[in-house]
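Undergrad:
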Amino acid sequence: MMKNVAIFIYDGVEILDFSGPGEVFAATHPEGGAMNVYTVAATKEPIISQGFVRILPEYSIKDAPKPDIIVLPGGNTRSSVDNPEVIEWVTSVAPDLDAAISVCTGVFILQKTGLLDGLKATTWHGAIDGLKARAPKTEVLENTRWVDNGRIITTAGVSAGIDGALHIVEKLYGRAAAEATAHYMEYDKWDPSAGVIVETP
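According to UniProt numbering, the residues represented by the sequence shown are 1 to 201, in order.
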């Protein structure tokens, strides 16, 4: 069955934070068809990434297809964290997701929704202290590529989003599918054991 993967983007988004996981999901071809990967933003207006890339979102949060997976990349997340419509969108789609993955400072979007309360999480090394301060109900882990709480997955910074996305592929489709995707991407550094899987009741 095809999975819908919504990649949320915004002004100041870190390029590799969204393009890395996007490439993983787009390059994964499990039995039954490819994954449907698309970009979503608060509006359909063009956004400028952190740096130099102008991107035209495929959908807005008002008309995006119902996702099975959402990717919340890092960068300058303040405008998204402070946008109640964005927080409401993430909160509204969360109950039916196979996975929500934050990359780098995208974790602050998850934190604002309350979805991290009582969980373990990680983020970019430069934002660890900030996450500890803003998420007192979350156990913040350092020196790990990703943390898997079941459906809520957080990763460290930038390239760690690739690792987290490959972990999701492995969870959904098995180790062989994830290894095939990593091989296609020539991401030979992928280590399936580089994260933390939290035991859930």
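For each residue, glycine too, the CB sits at the ideal point set by N, CA and C. Keep in mind that this is a model prediction, so the values were computed, not measured.
Of the residues G118, H167, E139 and G106, which one's Cα is nearest the Cα of D17?
TA: It is G106 whose Cα lies nearest to the Cα of D17.
Undergrad: Is it a yes or a no for the stretch 56-75 touching the stretch 138-148, going by three-plus beta-carbon pairs under 8 Å?
TA: Too few Cβ pairs lie closer than 8 Å, so no.
Undergrad: Grab me the residues of V140's own chain with a C-beta within less than 8 Å of its C-beta, minus the 5 sequence neighbours each way, in chain order.
TA: These residues qualify, in order along the chain: K120, A121, T122, T123, I128, L131 and K132.
Undergrad: Which term fits A178, buried or exposed, when burial requires 16 or more other beta carbons within 10 angstroms of its beta carbon?
TA: A178 comes out buried.
Undergrad: Secondary structure at Y38, three-state DSSP: helix, strand or coil?
TA: DSSP places Y38 in strand when its eight states are reduced to three.
Undergrad: Quick check on L72: does DSSP put it in helix, strand or coil?
TA: Looking at L72 - three-state DSSP - the assignment turns out to be strand.
Undergrad: Let me confirm a value: H183 is counted as buried when at least 16 other C-beta atoms fall within 10 Å, else exposed. Which label applies?
TA: Label assigned to H183: exposed.
Undergrad: Quick one, which of D82, I48, P84 and V71 has its alpha-carbon nearest A160's?
TA: Comparing Cα positions, the closest option is V71.
Undergrad: For F8, which option in Y173, L56 and P95 has the closest C-alpha, if you only look at C-alpha atoms?
TA: F8 has its Cα closest to that of L56, out of Y173, L56 and P95.
Undergrad: Quickly, what does DSSP pair E139 with across the bridge? List them, please.
TA: K120, per the DSSP bridge assignment.
Undergrad: Within the present structure, is the beta-carbon of G161 separated from the nearest heavy atom of the ligand NAP by less than 7 Å?
TA: Ligands are entirely absent from the displayed structure, and the ligand NAP is therefore not among its contents.
Undergrad: Per DSSP, Y59 is paired with what?
TA: In the DSSP output, where bridge partners are listed per residue, Y59 has V40.
Undergrad: So, V158 versus K112, is the Cβ gap smaller than 8 Å?
TA: Not a contact, by the Cβ cut-off of 8 Å.
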